[in-house]
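Residue numbers (our numbering), protein chains in the order written: chain D, 26 to 321; chain X, 26 to 321. Think of the CB as a built atom: it goes at the ideal place given N, C-alpha and C, for glycine as much as any other residue. Data first, discussion second: the structure below is written as C-alpha cells.
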C-alpha cells in the first residue's frame with residue numbers, strides 16, 4: 026500500500042483507495058512483464074543448483090537474485106511494511122538497520138499467525154512454470170527473427186523476474202486489505218462463517234463476478250496499449266490481438282490468463298485465509314458488539 | 026546492448042540495430058519515470074549524510090542504494106558488459122563471482138582508457154537536480170489531492186531512482202556504439218578531426234537534427250500514451266498535454282526536456298569523447314588503410 030504519512034486509517038482502508046492501488050498495480054505488472062519479455066526464456070536460471078559451483082548456492086540463479094536483493098531490502102526495512110512479503114524465508118534475511126516507518130496498523134494481526142498469509146511460494150511456481158515460458162515463447166517471432174531459448178542474459182532476465190515477482194506479491198497480498206475493508210463494513214455478515222469456518226461462504230461474500238469480468242477487459246486494453254507496436258514517430262500501430270505476441274512486445278493472452286487463472290484465485294485465497302483468522306484473539310465482547318450492529 | 030549470443034558483430038553494430046535498441050529504451054525510461062512519480066520528492070534521500078547515524082554511510086540514502094545494488098550486480102558480472110557503467114567507483118565494488126559472458130568485442134578499447142567514457146556523475150546530477158523535482162512537483166495535484174513533499178517512502182523511491190539511473194546510463198553510454206558504427210562506415214571522414222582533435226567537427230559529423238527532432242516528437246507521443254489517464258475499463262481518456270501532470274501519471278514537459286537538455290547532449294559528449302580516443306593504440310598502417318578507403 027502506498028502508505029502516505031499522515032493519511033487517516035479510514036481513508037487508507039476505503040475500498041476506493043484500495044481499488045485505485047490495485048488498478049495502478051496492473052500497469053506496473055504489465056510493463057514489468059513487457060520488460061522481461063525482451064530476454065529469452067533462459068530456463069537454466071530456474072534450475073536449482075545449475076550455478077552451484079560458481080555461486081556456492083544450492084538454489085537456482087533466480088533464488089540467488091531474490092536472496093541478494095531481499096537481503097538488501099530487508100536492511101532498508103522493506104519487510105516491516107504490512108504489504109510486503111519476502112520470497113526468502115525471513116529468518117535468512119538480515120534485520121532492518123534503520124528504524125521502521127511508523128505506519129498505521131491497518132490489519133488485524135493475531136499473535137499466533139506471523140507474518141500473516143504468505144503465498145509467495147505459489148506465486149513463484151506459477152510464474153516460473155506458466156508465465157515466463159508464455160511471454161518468451163520460442164515460437165514467437167520478433168522482428169522477423171526467431172527468439173532464442175537462451176540468450177545468455179541471465180542477470181538482466183533475473184533482475185526483471187525479481188521485479189515482476191515483487192509486484193505480483195504486492196498485488197496478491199493486497200487481498201488482506203480488501204478483506205479487512207469489507208469485514209469492517211459489515212462484520213456481522215462474516216462472523217458466523219468465521220466462527221463456524223466456511224471458506225466457501227466467505228469467498229462468496231467477497232466475490233464480485235462483474236468486477237472480475239471488468240478487470241480482465243481493462244487488463245487486455247492496457248496490455249494492448251502498453252505492449253502494442255509504435256512506429257518511429259511514436260504513433261500506435263493497430264495490430265490484431267492474436268498478432269500481438271508476434272509483432273508487439275508481449276503476448277496478450279498470457280497476461281489475461283495469468284490474472285484469470287492465477288492472480289485472481291490466489292488473491293481470493295489470501296482474502297479468505299485472512300478472514301478465517303480475523304477473530305483470533307478478538308475478545309468475545311467485541312464480537313457481540315459487531316453482531317448487534319446487524320440490527321442497529 | 027542486448028547481446029544475443031551468436032549474433033554477428035556486423036549485425037550488432039548496424040545502425041538499425043542500435044537505433045531499435047535506443048528507441049526501445051525510451052519506453053523503459055518513460056515507464057520507470059512514471060513509476061518513480063508515484064512517490065513524493067523525498068529530498069532527504071538525496072542529502073549526503075542524512076542517514077549517517079543509522080547507515081554508517083557518509084553518502085546519501087540513494088548512494089547507499091546504488092552501492093548495495095551495484096555490489097550485488099557486480100558479483101553477477103553486470104559491469105563486465107561493455108554497455109554497463111556503475112555509479113559507484115569500480116574499485117569499491119566486488120569482483121564477479123561468475124565467469125563473464127563471452128561477448129563480441131564491439132568497441133575499440135585503448136589500454137590507457139578504462140572503462141571508456143563514464144558520465145554517470147553528470148547523469149546523477151541532472152537527475153537529482155532537475156528530473157526528480159520536475160516529475161514529483163508539489164504544485165502537482167493528483168486525484169484532487171496535493172502531493173506531499175515527503176511521504177516517507179524512501180525505499181520505494183530510491184529503488185525506482187536506481188532503475189531510472191541505470192536505464193539512463195545505458196541509453197547515454199550507448200553513444201559509444203553509435204560512434205563506433207558511424208566511424209566504421211566512413212573512417213576517413215573522422216580521422217583528420219581525431220588526429221588534429223576537433224570536437225566540434227566530430228560532433229557535426231554525428232549530429233542529425235532531423236533525427237533528434239523526430240525523437241522528441243516520438244517521445245512525447247509515447248509519454249502521452251504510457252502516462253495518460255485510463256478509465257476503469259482501461260479506455261484511454263483524452264487529456265490536453267498541459268493537464269497531464271495534474272491528471273495523468275507524469276509531467277510530459279519534464280520528460281521531453283530531459284531528453285532535449287540532458288540525454289541528447291550527454292550522449293553527444295559520450296560519442297565525441299569516444300571518437301577522440303578512437304585512434305589511440307591504432308597502428309599507423311591501419312590508419313593509412315582507412316584513409317585510402319576514401320578514394321577507393
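Test: residue 201/X CB closer than 8 Å to a CB of chain A: Absent from the structure is chain A; the protein chains it does hold are D and X.
Coil, strand or helix - residue 174/X by DSSP: Three-state result, residue 174/X: coil.
Cβ pair count under 8 Å reaching 3, the segment 209 to 216 of chain X against the segment 42 to 55 of chain X: No, because fewer than three Cβ pairs between the segment 209 to 216 of chain X and the segment 42 to 55 of chain X fall closer than 8 Å, the two stretches do not touch.
Proximity of residue 183/X and residue 70/X at Cβ, strictly below 8 Å: yes
Residue 60/X in three-state terms, based on DSSP: helix
Start and end residues, alpha helix (DSSP H) containing residue 292/D: 289 to 301
Heavy atom of the ligand HEM within 7 Å of residue 84/X beta-carbon: Looking at this structure, you won't find the ligand HEM or any other ligand, since it has none at all.
Three-state secondary structure assigned by DSSP to residue 281/X: helix
Identity of the residue in 309/D, 119/D and 160/D nearest residue 68/D by Cα: 160/D
Partners in chain X for residue 180/D, counting only beta-carbon separations shorter than 8 Å: 98, 101, 102 and 103
Cβ neighbour criterion (16 or more within 10 Å) applied to residue 314/X: exposed
Per-residue contacts from residue 53/D into chain X (C-beta, under 7 Å): 60
Among 230/X, 148/X, 255/X and 300/X, the one whose alpha carbon lies nearest that of residue 202/X: 300/X
Proximity of residue 132/X and residue 197/X at Cβ, strictly below 8 Å: No, the Cβ-Cβ distance between residue 132/X and residue 197/X is not below 8 Å.
C-alpha gap between residue 106/X and residue 61/D, whole angstroms: 19 Å
Contact set between the segment 243 to 259 of chain X and chain D, restricted to residues whose Cβ is under 8 Å from the partner: 243, 244, 245, 246, 247, 250, 251, 255, 257, 258 and 259
For residue 262/D: DSSP bridge partner residues: 254/D
Top-ranked residue by Cα proximity to residue 39/D, from 206/D, 252/D, 112/D and 306/D: 206/D
Closer than 8 Å to chain D by CB, residue 112/X: no
Assigned secondary structure, residue 145/D (DSSP; H/G/I helix, E/B strand, else coil): helix
Contact under 8 Å by Cβ, residue 255/D with residue 262/D: Yes, the pair counts as a contact, with Cβ atoms nearer than the cut-off.
Simplified DSSP state of residue 189/X, which is helix, strand or coil: helix
Proximal residues to residue 307/D (C-beta, below 7 Å), its chain only, five neighbours per side dropped: none
Backbone CA spacing between residue 242/X and residue 253/X [nearest angstrom]: 16 Å
Alpha carbon of residue 43/D to alpha carbon of residue 100/X, nearest angstrom: 38 Å
Proximity of residue 231/D and residue 312/D at Cβ, strictly below 8 Å: Not closer than 8 Å, so no.
Expected contact under 8 Å - CB spacing of residue 251/X and residue 56/X to nearest Å: So it is a contact: roughly 6 Å between Cβ atoms.
Short CB-CB distance (under 8 Å) between residue 317/D and chain X: no
Reduced DSSP secondary structure (H/G/I, E/B, other) of residue 102/X: coil
Distance, residue 173/X Cα to residue 37/D Cα: Roughly 16 Å separates the two Cα atoms.
Chain X contact for residue 88/D (CB, 8 Å cutoff): no
Length of the line joining the Cα atoms of residue 73/D and residue 126/X: 20 Å
Residues of its chain near residue 305/D, where Cβ-Cβ distance is below 6 Å and the 5 sequence neighbours each way are ignored: Closer than 6 Å at the Cβ level, and outside the excluded window around residue 305/D, lie 135.
Nearest-angstrom Cα separation, counted from residue 227/X out to residue 303/X: 12 Å
N- and C-terminal bounds of the alpha helix (DSSP H) containing residue 160/X: 157 to 160
For residue 215/D, the first and last residue of its enclosing alpha helix (DSSP H): 212 to 220
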